[in-house]
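In what follows, a structure is listed as structure tokens, so that the remarks can point back to it.
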Amino acid sequence: MSYLDPAGLARIGSLELIAKQVVEGFLTGKHRSPYHGFSVEYLDHRSYTPGDEIRMLDWKVVARTDKYYVKLYEDETNLRATILLDCSKSMDFGKGGEASDQGLSKLQWGSYLAAALAYLLIRQNDAVGLMLFDTKVRTYIPPKAHPTQFRRILDALDGVEPGGETDCGTVLHEAAERLKRRGLVIVISDLIDNEDNVASGLQHFRHNNHEVIAFHTLDDAELNFPFERITRFQDMEGSGRVVVNPNSLRKKYLERMKAFTQRLEDDCHERKISYNLANTKEDYSKYLAAYLDKRHRLG
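The sequence shown begins at 48 in this note's numbering and counts up by one.
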């Protein structure tokens, strides 16, 4: 079983064990970030820049890598991060569905990622908090670096259930107003809302000087529409149902899905937000790498 594979992780049961398996499997597996060749081994370092004192170079790292790294002191590594997890009804999609071969809903997949990120942050002595939301913020655990914080976050994630409809843009504005101190905001959501509303909500964090990572979490069936037989489709956040031949819809659906994700990616890029399209069928390695790359850039 891969420590990063959602299908295998779902069989473990314990969210704490899942988080630790994901992170330790990632770190010991010598995974590298696809971004700028950054290795997780040097998370407590940053690249040398002109103006840094030569005496601050870590010569052991220089000898091993032939690259210049400066060791970070404890007060440089502390970070305040808040993970926002979408718990709306649409996030329940994927569990046991026709095209879902791993049996994880978007909410389950997102919960595993949130737990792994929380564990990784605590492991690095960073402060981490959690927000759960649907139409409004349902749970808020302010960021702390204390070891008991991980247990508080796990308890909240363990009890999470999909709620009602989402109002993603409005809730992001609400969250931005509550997060007064500058830090890192990690959004895990399917971002199902008007694209302008989502972009405006994410921009509110940037306006308040937060760094932002968005994990746009979608099921493989949503992204690739693999349905072949006559299928009954149901509104993910309503009661509407329709029975159709998926072959007649596939081309138009995929065009609209591509336009949806591309628009959000472009909006995020324009606002200097790290956008990551997350397929719940994929393992967690590149998503942890995306976080580590952002963390490294923050110093």
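Quick reminder that beta carbons are idealized off the backbone N, C-alpha and C, glycines included.
What is the DSSP secondary structure of residue i, reduced to helix, strand or coil?
i: residue 293; result: helix
i: residue 112; result: helix
i: residue 217; result: helix
i: residue 151; result: coil
i: residue 318; result: coil
i: residue 265; result: strand
i: residue 255; result: coil
i: residue 73; result: helix
i: residue 94; result: strand
i: residue 66; result: helix
i: residue 288; result: strand
i: residue 330; result: coil
i: residue 212; result: coil
i: residue 238; result: coil
i: residue 99; result: coil
i: residue 61; result: coil
i: residue 226; result: coil
i: residue 248; result: helix
i: residue 272; result: coil
i: residue 157; result: helix
List the DSSP bridge partners of residue i.
i: residue 191; result: 175
i: residue 277; result: Partner(s): none; residue 277 has no beta bridge.
i: residue 127; result: 174
i: residue 325; result: 264
i: residue 133; result: 180
i: residue 233; result: 130 and 260
i: residue 186; result: 179
So, under 8 Å CB-CB, residue i and residue j are touching, yes? Tell me the CB distance rounded to an integer number of Å.
i: residue 135; j: residue 211; result: 7 Å
i: residue 314; j: residue 140; result: Going by Cβ atoms, the distance from residue 314 to residue 140 rounds to 23 Å, so no, they are not a contact pair.
i: residue 156; j: residue 264; result: 7 Å
i: residue 337; j: residue 260; result: 7 Å
i: residue 218; j: residue 179; result: Residue 218 to residue 179, Cβ: 10 Å. No contact.
i: residue 311; j: residue 238; result: 6 Å
i: residue 184; j: residue 222; result: 6 Å
i: residue 45; j: residue 169; result: Since the first residue shown for the chain is 48 and the last is 346, residue 45 is missing from the structure and cannot be characterised.
i: residue 138; j: residue 209; result: 6 Å
Do residue j and residue i have their beta-carbon atoms positioned less than 8 Å apart in this structure?
i: residue 291; j: residue 307; result: no
i: residue 151; j: residue 327; result: yes
i: residue 232; j: residue 131; result: yes
i: residue 213; j: residue 243; result: no
i: residue 334; j: residue 226; result: no
i: residue 342; j: residue 228; result: no
i: residue 236; j: residue 133; result: yes
i: residue 205; j: residue 192; result: no
i: residue 234; j: residue 216; result: no
i: residue 250; j: residue 318; result: yes
i: residue 129; j: residue 194; result: no
I'd like the list of long-range same chain contacts for residue i, defined as Cβ closer than 7 Å, with 5 residues on each side in sequence excluded.
i: residue 201; result: 62, 63 and 162
i: residue 196; result: 169 and 175
i: residue 199; result: 188
i: residue 301; result: 272
i: residue 95; result: 104, 115, 116 and 117
Here's a check: name, in chain order, each residue in its chain whose Cβ is nearer than 8 Å to the Cβ of residue i, leaving out the five neighbours to either side.
i: residue 304; result: 269, 270 and 272
i: residue 257; result: 223, 226, 229, 230, 231 and 232
i: residue 99; result: 117
i: residue 288; result: 279, 280, 281 and 282
What does a CB cutoff of less than 6 Å around residue i pick up in its chain, not counting 5 residues either side in sequence?
i: residue 66; result: 162, 163 and 166
i: residue 277; result: 292
i: residue 187; result: 178
i: residue 274; result: 293
i: residue 108; result: 116
i: residue 181; result: 134, 135, 210, 211 and 213
i: residue 322; result: 261, 312 and 315
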